[in-house]
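Read through the structure below, which is laid out as structure tokens, and then see the notes.
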Amino acid sequence: MKLSKEETVYQLTFLPGFFPVNCFVIEEQTELTLIDTGIPSSYKGILHVIEKLDKPLTNILLTHSHVDHVGALDELKSKFPHVPVSISTRESRLLKGDKTLDRNESQIPIKGGVPKSLKTTQADCLLEEGDRIGSLQVIATPGHTPGSISFFDTRNQAIIVGDAMQTRGGTAVSGQIVPLFPFPAFGTWDKELSIESVKKIEKLKPSLLAVGHGEMIKKPELLIQKAIQKAEKNVATATK
């Protein structure tokens, strides 16, 4: 495991050399919030960081329910049974394995999914845009999945976006194939909606961009703008 820190954000990276998977511990004044749970083997590393920071874990938040973001969820819920697991209302269906789409949604099949062995398929709290968990504000950022959300730290404008973007191999909008690390694109549901979500992220003018795969980026505004422009160009070319 590789541990990085910026502001109040601790990034835990598992398999950093081959297939980097990130989850995040957000430090509040008296407590900790975990965002995503990585892969099954992430459990020990997450527990180590929580114990090292010596503050109680009070929330487990999920950006979305793909296997590399909920992998250690069962073990963590077993260790911390009274800590609520929260996910967006829309994404809670995918956490249960339900890949059906609403009539008003793009009818592109949802890609990826949760591991069949996952037992923690019922979230304790369902989140909507604008909800607050400590210092974190929920931002709806659908596209990678229908119910993907991001978390915006109102203290310092850091944003944790899950797979709405990636920085591994280059900063990119979800759905755009990055040759050095194409895997998030393979798991993306709606490329056009992903672009709209990243435009929303850009408008927040984040001071720090933290993603599911890749390093954290300080002052990411220019890179986000370039990623949007490239994604729009690629989508326009593909639809000609």
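The sequence shown begins at 122 in our numbering and counts up one residue at a time. A virtual CB, placed ideally from N, CA and C, is assigned to each residue, including glycine.
From the options, residue whose alpha carbon lies closest to that of residue i
i: V235; options: L248, L215, I229 and S227; result: L215
i: I147; options: E128, L136 and T134; result: E128
i: E226; options: L314, P327, F304 and V130; result: L314
i: T154; options: D175, K240 and L325; result: D175
i: E353; options: P327, L329 and V319; result: V319
i: K217; options: V188, V204, P303 and P230; result: V188
i: H203; options: D219, N180 and L133; result: N180
i: Y164; options: F140, E149, S209 and M122; result: M122
i: K386; options: Q258, P177 and T266; result: It is not possible to answer for residue 386, since the shown part of the chain is limited to 122 through 361.
i: G291; options: K351, F272 and P177; result: K351
i: S209; options: S125, H190 and I260; result: I260
i: G166; options: E196, A357 and V356; result: E196
N-terminal and C-terminal residue of the beta strand (DSSP E) that residue i is part of
i: E323; result: No beta strand (DSSP E) contains E323, which is instead part of the alpha helix (DSSP H) from K312 to K324.
i: I270; result: I270 to D274
i: A279; result: A279 to I281
i: E172; result: It is not in any beta strand (DSSP E) - E172 instead sits in the alpha helix (DSSP H) that spans Y164 to L174.
i: V261; result: It is worth fixing the name first, because residue 261 is Ala in this sequence and not Val. That run of the beta strand (DSSP E) goes L257 to A261.
i: L222; result: No beta strand (DSSP E) holds L222; DSSP gives it neither H nor E.
i: T179; result: L178 to L182
i: K126; result: K123 to E127
i: F145; result: V142 to E148
i: I208; result: V206 to S209
i: S248; result: Ser is not the amino acid found at residue 248; the sequence shown has Leu there. Segment C246 to L248, the beta strand (DSSP E) holding L248.
Proximity of residue i and residue j at Cβ, strictly below 8 Å
i: G264; j: G296; result: yes
i: I156; j: I281; result: yes
i: G138; j: P161; result: no
i: I168; j: K200; result: The sequence shown places Leu at residue 168, rather than the Ile named in the question. Yes, these two residues count as a Cβ contact at 8 Å.
i: N143; j: G308; result: no
i: V130; j: L329; result: yes
i: R262; j: E336; result: In the sequence as displayed, the identity of residue 262 is Thr instead of Arg. No.
i: E323; j: Q346; result: yes
i: T158; j: L194; result: yes
i: L133; j: V170; result: yes
i: S207; j: L248; result: yes
i: I229; j: D311; result: yes
i: S256; j: D274; result: yes
i: K321; j: E342; result: no
i: I231; j: L182; result: no
i: K198; j: T241; result: yes
i: I349; j: V294; result: yes
i: F140; j: A331; result: no
i: Q243; j: G251; result: no
Alpha helix (DSSP H) segment containing residue i, residue limits
i: T350; result: Correcting the residue type first, residue 350 is Gln in the shown sequence and not Thr. Per DSSP, Q350 belongs to the alpha helix (DSSP H) from E342 to A359.
i: L215; result: E212 to L216
i: E196; result: L194 to K200
i: V191; result: V188 to V191
Where residue i falls: helix, strand or coil (DSSP)
i: V332; result: coil
i: F135; result: strand
i: I229; result: coil
i: L153; result: strand
i: A306; result: helix
Check: residue i C-beta below 7 Å from any heavy atom of the ligand GTP
i: D157; result: Although the ligand GTP was asked about, the structure shown includes no ligands whatsoever.
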